[in-house]
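What follows is a single structure, written as structure tokens, with notes after it.
Protein chains: 2
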Amino acid sequence: MTNATHESSTRKAVVLLSGGLDSATTLAVALAEGYECFSLSFEYGQRHRYELEAAGRIARKAGICHREMAIDLRALGGSALTADIDVPKNHMQNDIPVTYVPARNTIFLACALGWAEVLEAGDIFIGVNAVDYSGYPDCRPEFIRAFETMANLAVRAAVERTIRFRIRTPLIHLSKKEIIAKGMSLGVDYSATHSCYDPAPGGQACGQCDSCRLRMKGFSEAGIPDPTPYTRESS
Amino acid sequence: MTNATHESSTRKAVVLLSGGLDSATTLAVALAEGYECFSLSFEYGQRHRYELEAAGRIARKAGICHREMAIDLRALGGSALTADIDVPKNHMQNDIPVTYVPARNTIFLACALGWAEVLEAGDIFIGVNAVDYSGYPDCRPEFIRAFETMANLAVRAAVERTIRFRIRTPLIHLSKKEIIAKGMSLGVDYSATHSCYDPAPGGQACGQCDSCRLRMKGFSEAGIPDPTPYTRESS
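Going down the list, the sequences are from chains A and B. Residues 1 to 235 in our numbering are what the first sequence spells out, letter by letter. Residues 1 to 235 in our numbering are what the second sequence spells out, letter by letter.
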């Protein structure tokens with residue numbers, strides 16, 4: 001893909017696409033803003049590989065260039081999403097949950113930055129959210145701002161002053177209800193997304209983990225039918 | 001390895017260990033400062049896998065916990081060290097070389113941060129150097145400072161205020177000659193290290209790439225015999 005085949009006014013963006021509700025909505029926002037989008041997913045040793053299939057489906061539907069990058073975060077340990085720690089069910093936590101993966105967004109954004117530099121894409125979109133799930137430190141605005149500052153010192157473009165990178169977080173101040181409403185207005189097909197931390201062997205969402213519960217609550221509050229077939233509704 | 005088996009005064013450090021001269025010296029500095037060291041290497045799709053064997057040798061000699069983490073940077077493209085671009089020979093470059101891997105130190109430090117959080121290790125050592133090889137933007141002090149600021153907002157410990165992370169760069173202002181002199185004073189066995197970007201099939205250093213030339217020049221200027229057997233001396 002060369003610049004010559006595109007209008008010079010087309011801006012490129014790398015979009016972190018987990019396959020979940022938030023990242024699918026973030027991609028829709030980036031596309032609606034007119035970006036040529038390049039989506040990036042990670043095979044990082046997560047229990048819930050079904051989200052990777054969801055990410056592939058979403059990218060294919062959007063007709064964009066998609067890459068899946070392998071990075072073995074299990075080597076670092078420390079999370080219920082990658083290690084042998086049980087995913088908690090039926091209790092929302094107020095402190096940082098065991099599903100927190102150490103430095104995950106830092107690592108994912110760093111990889112996105114590398115690809116953005118190669119593509120000469122100035123914008124990196126990530127669907128972090130500081131409202132419903134404030135337990136993750138790497139979803140906070142102050143982290144995002146510090147990463148952006150660092151990014152603009154880290155790469156060749158920072159020396160050559162050809163690009164200034166921006167970390168875009170269109171969902172950061174939205175509730176789950178507002179995210180779903182925004183996605184629906186942009187035509188997101190949420191049936192293609194996958195949120196569950198602990199799906200059944202066939203990929204069906206458990207309906208009980210924190211992620212399923214937030215998703216159900218969001219659809220309920222938005223007054224929109226949740227297209228997800230759950231194994232079992234939460235208690 | 002639990003805290004109970006160690007004096008509480010033992011500080012832990014994660015040390016990025018590529019298997020080259022600089023990282024071996026950096027590890028020696030961290031050990032000399034009394035840290036309990038945990039070394040981390042990356043299998044990132046590099047041409048020069050021999051450095052990984054060197055890293056393993058150095059860690060075994062030091063008797064420290066060592067991890068090799070797989071991360072496929074080839075998915076991002078853009079570097080002679082991972083992609084199908086020839087490694088330049090016999091000409092030192094003044095601008096950023098094609099062996100630059102986009103965002104590599106950012107990605108490596110992000111992974112080290114994740115492990116440091118799990119280990120509760122406050123210090124991360126990296127053998128970057130801004131003197132002999134200033135073409136890499138992610139070797140500059142201003143990048144390191146910005147990464148440290150970001151790191152302390154990124155992780156659980158930043159929220160819980162239990163650790164303040166430091167990115168330690170003991171070599172950043174040293175010439176290659178000074179690095180070698182320091183390493184020799186700390187007993188580093190440089191015959192165990194590997195620097196070449198484009199080794200022969202048996203692993204022997206080429207003697208012609210930028211990395212070999214810097215290494216030879218450093219030993220020469222330090223007045224110390226270079227223990228490396230080169231395929232061919234540079235012209």
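Just so it is clear, CB atoms sit at the ideal spot from N, CA and C, and this is done for glycine as well.
Nearest to Tyr35 of chain A by C-alpha distance, out of A:Arg49, A:Cys196, A:Glu43 and A:Val15, is A:Val15.
Going by DSSP, Ile167 of chain A is part of the beta strand (DSSP E) stretching over Arg166 to Arg168. Annotated three-state conformation of Cys139 of chain B is helix, per DSSP.
Nearest in C-alpha terms to Phe165 of chain A, of all of A:Gly122, A:Gly183, A:Met150 and A:Gly127, is A:Gly122. Selection B:Gly56, B:Tyr50 and B:Ala13 evaluated against Ala200 of chain B yields B:Tyr50 as nearest (Cα-Cα). Going by DSSP, Ile179 of chain A is part of the alpha helix (DSSP H) stretching over Lys176 to Ser185. Judged by pairs of C-beta atoms under 8 Å, the stretch 64-71 of chain B touches the stretch 23-42 of chain B, as three or more such pairs exist.
Residue range Tyr50 to Ala62 is occupied by the alpha helix (DSSP H) that includes Ile58 of chain A.
Distance from the CA atom of Ser23 of chain A to the CA atom of Ser195 of chain B, rounded to whole angstroms, is 41 Å. Taken in chain order, the members of the stretch 136-151 of chain A whose beta-carbon sits within less than 8 Å of a beta-carbon on chain B are Pro137, Asp138, Arg140, Glu142, Phe143, Ala146, Phe147, Thr149, Met150 and Ala151. Exclusion of the five residues before and after Glu160 of chain B leaves no residue of its chain whose Cβ lies closer than 7 Å to its Cβ. The Cβ-Cβ distance between Leu119 of chain A and Ala62 of chain A does not fall below 9 Å.
Pro102 of chain B sits buried, since 16 or more C-beta atoms from the chains shown fall within 10 Å of its C-beta.
Flagged as an interface residue toward chain A: Ala70 of chain B, by a C-beta distance shorter than 9 Å. Around the beta carbon of Thr10 of chain B, fewer than 16 other beta carbons lie within 10 angstroms, which makes this residue exposed.
Non-local C-beta neighbours of Met184 of chain A in its own chain, meaning closer than 7 Å and more than five positions away in sequence, comprise Ile224, ordered along the chain.
Rounded to the nearest whole angstrom, the C-alpha separation of Arg104 of chain B and Gly114 of chain A is 7 Å.
For Ile107 of chain A, the uninterrupted alpha helix (DSSP H) run begins and ends at Arg104 to Leu119, by DSSP. Taking a C-beta distance under 9 Å as the contact criterion, Leu73 of chain A and Ile107 of chain A qualify as a contact pair. Counting only Cβ-Cβ distances below 9 Å, Thr169 of chain A has no contacts in chain B at all, with the closest Cβ about 14 Å away.
Taking Gly19 of chain B as reference, the option from B:Glu53, B:Cys37 and B:Ala13 with the minimal CA-CA separation is B:Glu53. Proximity of Asn105 of chain B to chain A, defined by a Cβ-Cβ separation below 9 Å, is satisfied.
Residue pairing from DSSP places Ala70 of chain A in a beta bridge opposite A:Glu43. By the Cβ-count criterion, Ser191 of chain B is exposed, with fewer than 16 other Cβ atoms from all chains shown falling within 10 Å of its own Cβ. Following the DSSP letters along the chain, one finds Ala13 of chain A inside the beta strand (DSSP E) bounded by residues Lys12 to Leu16. Put simply, the backbone Cα of Ile163 of chain A is about 5 Å away from that of Ala157 of chain A.
Distance from Arg215 of chain B to Thr228 of chain B at the Cβ level is roughly 7 Å; contact confirmed, criterion being Cβ atoms closer than 8 Å. Contacts with chain A at 9 Å (Cβ-Cβ) do not include Ala55 of chain B.
Within chain A, the residues placing a beta-carbon under 7 Å from that of Gly77 of chain B are Val118, ordered along the chain. For a Cβ distance threshold of 8 Å, residue set Leu73, Leu76, Gly78, Val101, Pro102, Ala103, Arg104, Thr106 and Ile107 of chain B lies close to Gly114 of chain A, ordered along the chain.
Rounded to the nearest angstrom, the gap between the Cα atoms of Asp189 of chain B and Lys217 of chain B is 18 Å. Contact residues of the stretch 152-164 of chain A toward chain B are Leu153, Ala154, Val155, Arg156, Ala158 and Val159 (C-beta to C-beta distance below 7 Å).
In the DSSP assignment, Asp189 of chain B falls outside any beta strand (DSSP E), carrying neither H nor E. DSSP, read as helix, strand or coil, puts Glu33 of chain A in coil. Assigned with DSSP and collapsed to three states, Ala200 of chain A falls in coil, not helix or strand.
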